[in-house]
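Heads up, the thing below is written out as structure tokens.
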Amino acid sequence: MKHFNYLTELQRSGIFFQEPLAVTKHSPKEQMAYAVGAALYMPSTRSDLSSVILTKKYKELSTVIYCLEDSIKDSEVKLGEENIVLHMNKLAGALKRNEITESEIPLIFIRVRTPRQMTILCEELEDSVKWLAGFAFPKFSGSVAKEYCHTLAKLNDQYDSVLYGMPIIETPDVLYKETRMQSLLFIRDLLEQYKDRILNVRIGATDFCGLFGIRRNVHSTIYDVSIIREVIADIINIVGRHFVISGPVWEYFGTSDRILKPQLRESPFHDLGEEGKKFRTHLISSHIDGLIKETLLDITNGINGKTVIHPSHISIVQSLQVVSMEEYLDACSILDHNEFGVISSSYRNKMNEIKPHQRWAEKTLMKSKVYGVYHEKHSYIDLLSELSPISAF
1 MKHFNYLTEL QRSGIFFQEP LAVTKHSPKE QMAYAVGAAL YMPSTRSDLS SVILTKKYKE
61 LSTVIYCLED SIKDSEVKLG EENIVLHMNK LAGALKRNEI TESEIPLIFI RVRTPRQMTI
121 LCEELEDSVK WLAGFAFPKF SGSVAKEYCH TLAKLNDQYD SVLYGMPIIE TPDVLYKETR
181 MQSLLFIRDL LEQYKDRILN VRIGATDFCG LFGIRRNVHS TIYDVSIIRE VIADIINIVG
241 RHFVISGPVW EYFGTSDRIL KPQLRESPFH DLGEEGKKFR THLISSHIDG LIKETLLDIT
301 NGINGKTVIH PSHISIVQSL QVVSMEEYLD ACSILDHNEF GVISSSYRNK MNEIKPHQRW
361 AEKTLMKSKV YGVYHEKHSY IDLLSELSPI SAF
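Heads up: the sequence shown begins at 1 in UniProt numbering, then just goes up one per residue.
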């Protein structure tokens with residue numbers, strides 16, 4: 001899998017100062033953890049699980065999570081399991097016949113309901129398990145969290161394949177303040193024991209909101225919901241010190257009436273003229289401005305990537321992960337100076353402190369490897385306009 005591989009060589013050279021590297025499930029874990037990016041949930045009962053990949057229906061797709069949990073009915077679980085096995089075997093067959101290459105396969109995860117389901121699926125997948133990147137663990141807490149991790153370790157020993165786990169923190173004991181610290185410390189200590197196979201940690205904000213009967217509207221970000229903002233901060237503080245944290249899902253797509261004014265400034269689109277205005281109008285009418293704002297807030301808070309439930313969101317989230325030239329040069333400058341101290345940014349607009357900014361610089365260069373670096377004065381707008389020709393709007 002290589003981010004933005006759907007662009008032509010000419011398009012990539014025009015946008016990127018440094019192009020993204022290809023990533024597979026056998027790449028270093030640190031690269032994979034950041035490369036997950038926008039992870040698209042797909043109900044496991046869909047009849048097109050494999051054809052979406054084989055036909056490149058969603059050409060931006062880099063990570064997919066086949067869901068056996070909340071997205072399907074309880075009565076459909078067996079059907080979902082069988083369907084996943086069927087379509088994973090179809091992908092394996094296409095790879096064997098050279099109809100598709102490994103670099104064209106997204107990272108594939110399965111969101112299971114129980115630890116036992118992981119074992120059942122691996123047994124039924126047989127050789128096709130090697131194309132599975134791992135599992136997402138819902139309701140990750142207490143004894144079931146231990147069982148998920150133990151089962152993951154056992155399957156890695158049993159199969160000649162690397163399988164990663166992505167815990168989803170979304171249970172009441174983490175949301176409720178009186179039990180939060182104890183629960184998060186338990187999760188942190190447990191994950192440390194299995195850190196070689198824990199890819200990243202995901203936040204189930206929809207489940208959290210549901211516990212209080214709250215649902216953010218299209219004009220708000222998840223950070224506007226104070227009780228969720230608070231728990232996200234604690235998850236980052238306790239678990240995010242040693243693990244990559246991924247952002248919660250943005251639920252909205254399509255069009256509806258607006259109450260508040262748009263959140264996208266006009267000036268970044270001016271260079272594109274009238275077509276730029278049309279492009280901005282399209283983003284606003286689809287409520288993409290809310291997704292952009294929330295994703296930028298994710299990044300500001302140290303969160304990388306995001307769960308998505310609509311394919312139109314993939315390119316938005318991915319384009320915002322690309323490192324700017326200014327960030328890249330600052331990061332390189334910080335890491336090039338071995339002694340502690342303060343240096344001026346080459347952009348002459350900020351001070352870079354070597355010691356405090358070192359971890360930021362390391363993370364920035366890791367992201368630059370998997371998402372690339374924009375040319376000077378290029379941004380997500382340039383990338384999105386290449387993906388969706390502006391004249392279409």
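All C-beta atoms, glycine included, are put in the ideal place defined by N, C-alpha and C.
Return the residue from the list G240, K377, S47, G247 that minimises the CA-CA distance to residue 396.
-> The displayed coordinates of the chain run from 1 to 393. Any statement about residue 396 would go beyond what the structure contains.
State the CB to CB distance for the pair residue 394 and Y66, rounded to an integer number of angstroms; the pair is presumed to be in contact (CB under 8 Å).
-> Summary: the structure shown does not reach residue 394, with the chain confined to residues 1 through 393, and so no result is reported for it.
What residue range is occupied by the uninterrupted alpha helix (DSSP H) comprising S315?
-> On the sequence shown, position 315 is the one that residue 315 refers to. S315: member of the alpha helix (DSSP H) spanning 314-321, first to last residue.
For P167, three-class secondary structure by DSSP | Taking the first residue of the sequence shown as 1, we reach residue 167 at position 167. Correct three-state label for P167: strand.
Decide if I222 is buried, meaning its Cβ has at least 16 other Cβ atoms within 10 Å, or exposed.
-> What you label residue 222 is simply residue 222 of the sequence shown in a count that begins at 1. Residue environment for I222: buried (at least 16 other C-beta atoms within 10 angstroms of its C-beta).
Using three-state DSSP, classify F253 as helix, strand or coil.
-> For the purposes of this step, residue 253 is taken as residue 253 along the sequence shown, with counting starting at 1. The answer is coil: DSSP assigns F253 none of H, G, I, E or B.
From R180 to C209, what does the alpha carbon distance come to, in whole angstroms?
-> By 1-based counting over the sequence shown, the position of residue 180 is 180. By 1-based counting over the sequence shown, the position of residue 209 is 209. In this structure, the alpha-carbon of R180 lies about 15 Å from that of C209.
Taking the DSSP output, what are the residues bridged to K306?
-> Here residue 306 is taken as the residue at index 306 of the sequence shown, counted from 1. In DSSP, K306 forms a bridge with A38, G247.
Expected contact under 8 Å - CB spacing of P115 and Y148 to nearest Å = Translated into the one-based positions of the sequence shown, residue 115 becomes position 115. Translated into the one-based positions of the sequence shown, residue 148 becomes position 148. P115 to Y148, Cβ: 5 Å. Contact.
Compute the distance between the beta-carbons of M166 and S128, then report whether it is under 8 Å.
-> If you number the sequence shown from 1, residue 166 lands on position 166. If you number the sequence shown from 1, residue 128 lands on position 128. Not closer than 8 Å, so no.
So who's on the other strand from G134, going by DSSP bridges?
-> By one-based count along the sequence shown, residue 134 stands at place 134. For G134, the pairing in a beta bridge is given by DSSP as F109, Y164.
Which residues mark the beginning and the end of the beta strand (DSSP E) in which Y66 is found?
-> Within the sequence shown, the letter at position 66 stands for residue 66. Per DSSP, the continuous beta strand (DSSP E) segment holding Y66 begins and ends at 63-67.
Could you work out which residue in D330, Y176, N304, E353 is closest to F340 when comparing CA atoms only?
-> Residue mapping note: residue 340 aligns to position 340 of the sequence shown, counting from 1. Considering only alpha carbons, the answer is E353.
Residues bridged to E178 by DSSP?
-> Residue numbering aside, residue 178 sits at position 178 when the sequence shown is read from its first letter. DSSP, once it has assigned bridges, lists no residue as partnering E178.
CB contact flag (G305, S246, <8 Å) | Translated into positions along the sequence shown, residue 305 becomes position 305. Translated into positions along the sequence shown, residue 246 becomes position 246. A contact, by the Cβ cut-off of 8 Å.
Whole-angstrom C-beta distance between T307 and V249, which should lie under 8 Å = For this step, residue 249 is matched to residue 249 along the sequence shown. For this step, residue 307 is matched to residue 307 along the sequence shown. About 4 Å separates the two Cβ atoms, so the contact holds.
Cβ distance (whole Å) where I108 is taken to contact V162 below 8 Å = As a working note, residue 108 is residue 108 in the sequence shown. As a working note, residue 162 is residue 162 in the sequence shown. Contact between I108 and V162 is absent: CB atoms are separated by about 13 Å, not below the 8 Å threshold.
Close beta carbons around A392, own chain, < 6 Å, minus the five adjacent residues each side = Stepping through the sequence shown from its first residue, residue 392 is reached at position 392. Caution is warranted here: a pLDDT of 38 is assigned to A392, below 50, making its placement in the model unreliable, and no coordinate value can be reported.
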